[in-house]
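Protein sequences appear in the order of chains A and B. If you count by my numbering, then the first sequence holds residues 19 to 262, one letter each, in order. If you count by my numbering, then the second sequence holds residues 19 to 262, one letter each, in order. C-beta atoms are modelled at their ideal positions from N, C-alpha and C, and glycine is treated no differently. Inspection log for the structure reproduced underneath, given as structure tokens.
There are 2 protein chains.
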Amino acid sequence: MTIGLRDDSADVPLRGSRHYRRAQQDRGTETRQRLLLAALDAFGRYGFDGASTREIARRADANLAAIVYHFGSKEALHLAVAEYVVAQMRAKKGDLLVEIDARLDAGDVDKATVRRLLQRVVDIQVETMLGDREVDLWGRFLMREQMEPSPVFDVTFSYMMQGHRTMRRLVALLLDQREDDPAVAVRVFTLLGQVVMFCVAQPMVMRSLGKQEFGMSDRELIRRIATENIDRIGGVPLVRDAAG
Amino acid sequence: MTIGLRDDSADVPLRGSRHYRRAQQDRGTETRQRLLLAALDAFGRYGFDGASTREIARRADANLAAIVYHFGSKEALHLAVAEYVVAQMRAKKGDLLVEIDARLDAGDVDKATVRRLLQRVVDIQVETMLGDREVDLWGRFLMREQMEPSPVFDVTFSYMMQGHRTMRRLVALLLDQREDDPAVAVRVFTLLGQVVMFCVAQPMVMRSLGKQEFGMSDRELIRRIATENIDRIGGVPLVRDAAG
DNA sequence: GTCTATAGTCGGATAGAC
DNA sequence: GTCTATCCGACTATAGAC
């Protein structure tokens, strides 16, 4: 930590000045961010125990000791990842949930509107679970937490429940049932499940579609079918007799 | 371990005889089975790396060395678990898939029948994923394999694909689409997903239903809603105008 | 802030008694 | 078949140089 104070340092301009400290600080922040993303990938893919700090550091192009320096411990890194994921998720769909809750509180919604809102939720669900680049890592991390609850579970769980509660309100309205009816909760999970499936069973999906990774068109297809299924629950009458 | 060979041993008759060896052998088989079930639980819950052989042996009330004795290595134990799960699964729903394929090959199916067959598949899906006692462990193990493909993946994958292919045939008939249409594959995954969700997100489901574990009534509810959704895809006309 | 070296722990596998 | 004792490798975390 004394390098920056040496007088003979050539590649660091304005040594000892605010600019130099800023540069050093930025470098640290970048390292921290790279570690965070590498950890997000590793924890989501291999779980807490399966992911090794050595591998995370290597993938982040950082030193092993940097993890302890920036986060304190492997567990603390895990928590940081969870908080990061939840924060990113909230940034992506928090506004929509707040907007929906507000409209529901105000009570100015007919069923057609409710269905449209539900579709927007599922839309965003597809985006935040199957999105490209970094986004798909969030979904896998959250699902991993579900299958293998860790001390971090409360962080992710409370976030997941927020979305669940809002969806339950929508579905309850759509089906004229009580919000706390177990059937409503179950139906919400089935709606989520049809999207989640593509996140947790990605290898099987890929192999069965004959692809290496999701493209825009795949996401569009999933989105279309998932939202189509919204049309088919509640509101739309079931004409059994007309069926084949 | 020497008790059985002592002359004053009263509870082990016919020492050294065939009966004695039989008893010893049975004991070994039982130990093997206990190890298998403990490993099934541990691998499903914590993954291959997360599960420790020491813990598995402890839970199976067996010795650490017994794992190597009965299976050869931790990896071999993992493979044995995968083969066990697939064998159990096939025993539970293999017949139905064979029957369906035969009927589809014969071609004597109208849409109503197809829909009924599809519902039976989902029915059995619920049973083999959310069943009580041991059965729920199978589902979790398979899903874990999906999220975290291991050298064992091929064993579980080929089994999963068998069911997937049959379901794709059914859905294709129901929607008058080609079997190899990606939209058909995607729809099959959404159908599976609504059941799988309850397996992978069990902690969240429990907490949101306010329960400790699934009961018969919960499984019934899930089954009802899942099969209801079958009614709502294909065959049943969508009466948009009548919607609210 | 970054890095090397290392202490301390744990997990899988082995040897050999019984 | 079962069990104890032990080896060896991999991992997390720490200390301290730069």
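With a cut-off of 8 Å, do at least 3 Cβ pairs link the stretch 114-129 of chain A to the stretch 82-96 of chain A?
Contact fails: fewer than three Cβ-Cβ distances are below 8 Å.
With a cut-off of 8 Å on the beta carbons, I'd call V204(A) and L239(B) a contact; round off their distance for me.
About 5 Å separates the beta carbons of V204(A) and L239(B), which is inside the 8 Å limit, making them a contact pair.
Whose C-beta lies closer than 6 Å to the C-beta of G34(B) among residues of the same chain, with five residues either side of it excluded?
In this predicted model, G34(B) has a pLDDT of only 45, less than 50, meaning its place in the structure is not dependable enough to derive any value.
Interface flag, G211(A) vs chain B, CB-CB below 8 Å
It does: the Cβ of G211(A) has a partner Cβ on chain B nearer than 8 Å.
Close Cβ partners of I248(A) (< 8 Å) along its chain, the five nearest in sequence each way excluded:
Result list for I248(A): R133, L136, Q137, V140 and L209, in chain order.
Taking 8 Å as the threshold (beta carbon to beta carbon), is T281(A) in contact with chain B?
This structure cannot speak to residue 281(A), because chain A is shown only from 19 to 262.
Compare the C-beta of L191(B) with all C-beta atoms of chain A and state if any pair is closer than 8 Å.
Not one beta carbon of chain A lies nearer than 8 Å to the beta carbon of L191(B).
Counting pairs of beta carbons, one from the stretch 216-232 of chain B and one from the stretch 189-208 of chain B, are three or more of them closer than 8 Å?
With contact defined as three or more Cβ pairs closer than 8 Å, the stretch 216-232 of chain B and the stretch 189-208 of chain B are not in contact.
Other residues of its chain near V104(A): CB distance less than 7 Å, five sequence neighbours each side excluded
Spatial neighbours of V104(A) in its own chain (CB-CB distance under 7 Å, excluding positions within 5 residues in sequence) are listed in chain order as V173, T174 and Y177.
Classify D25(A): buried if its beta carbon has 16 or more other beta carbons within 10 angstroms, exposed otherwise.
At D25(A), the pLDDT of 34 sits below 50, so the modelled position is not reliable; the number obtained from the coordinates is stated separately. Burial state of D25(A) is exposed, judged by a 10 Å Cβ sphere holding fewer than 16 other Cβ atoms.
If you compare alpha carbons, which of F66(A), G68(A), F61(A) and V86(A) is closest to V49(A)?
It should be pointed out that residue 49(A) corresponds to Thr in this sequence rather than to Val. Among F66(A), G68(A), F61(A) and V86(A), the Cα nearest to that of T49(A) belongs to V86(A).
Near D59(A), which residues of its chain fall below 8 Å by C-beta distance, leaving aside the five closest residues on each side in sequence?
Cβ neighbours of D59(A) beyond the five flanking positions: R77 and L155.
First and last residue of the uninterrupted alpha helix (DSSP H) at Q220(B)
For Q220(B), the enclosing alpha helix (DSSP H) covers residues Q220 to L227.
In this structure, how does DSSP classify I251(B) when only helix, strand and coil are distinguished?
Residue state, collapsed to three classes: coil.
Sequence-distant residues of the same chain with beta carbon closer than 6 Å to V223(B), five excluded per side
By the criterion of a C-beta distance shorter than 6 Å, V223(B) is surrounded in its chain by F216, once the five residues flanking it on both sides are discounted.
Taking just the CA atoms, how far does M161(B) sit from T245(A)?
CA-to-CA, the gap between T245(A) and M161(B) works out to about 25 Å.
Could you tell me whether the Cβ of P221(B) comes closer than 8 Å to any Cβ of chain A?
Judged by the 8 Å Cβ criterion, P221(B) is in contact with chain A.
Would you call M234(B) buried or exposed, if buried means 16 or more other Cβ atoms sit within 10 Å of its Cβ?
Looking at its Cβ environment, which holds fewer than 16 other Cβ atoms inside 10 Å, M234(B) is exposed.
Have a look at F61(B), G112(B), L115(B) and L114(B) and flag the residue whose alpha-carbon is nearest the alpha-carbon of A100(B).
Closest in C-alpha terms to A100(B), from the list F61(B), G112(B), L115(B) and L114(B), comes F61(B).
Would a check of beta-carbon distances place Y177(B) closer than 8 Å to chain A?
No, Y177(B) does not count as interfacial toward chain A.
Name the chain B residues whose beta carbon is nearer than 7 Å to that of F216(A)?
Within 7 Å of the CB of F216(A), the CB atoms of chain B belong to F207, in sequence order along the chain.
Excluding the 5 residues preceding and the 5 following Q143(A) in the sequence, name in chain order all residues of the same chain whose CB lies nearer than 6 Å to its CB.
Once the five neighbours on either side are set aside, the close Cβ partners of Q143(A) are V213.
Output, in chain order, the set of chain A residues within a Cβ distance shorter than 9 Å of Y87(B).
What Y87(B) touches in chain A: nothing, since even the nearest Cβ is about 25 Å away.
Along the stretch 150-174 of chain B, what residues have a CB closer than 8 Å to any CB found in chain A?
Cβ contacts with chain A come from R158, M161, R162, Q164, M165, E166, P167 and F171.
I74(A) CB to nearest chain B CB: under 8 Å?
Output row for I74(A): interface = no.
Tell me where the alpha helix (DSSP H) around Q137(A) begins and ends.
Q137(A) -> alpha helix (DSSP H) spans K129 to L148.
Should G181(A) be flagged as near chain B, meaning a C-beta pair shorter than 8 Å?
So, not an interface residue.
Best match in Q164(A), M147(A) and I74(A) for proximity to Q106(A) [C-alpha to C-alpha]:
The residue with the shortest Cα to Cα distance from Q106(A) is M147(A).
Where P167(B) sits in the DSSP three-state scheme:
Coil, per DSSP.
So what's A80(B) in DSSP terms, helix, strand or just coil?
Coil, per DSSP.
With D123(B) as the anchor, note down where its alpha helix (DSSP H) starts and where it stops.
First-last of the alpha helix (DSSP H) with D123(B): K92 to A124.
Between E152(B) and L55(B), how many whole angstroms is the CB-CB distance? I'm expecting something under 8 Å.
Cβ atoms of E152(B) and L55(B) come within 8 Å of each other, at about 7 Å.
Run down chain B in chain order and give the residues with a C-beta less than 8 Å from the C-beta of G65(A).
Result: Y64, G65, D67, G68 and E166.
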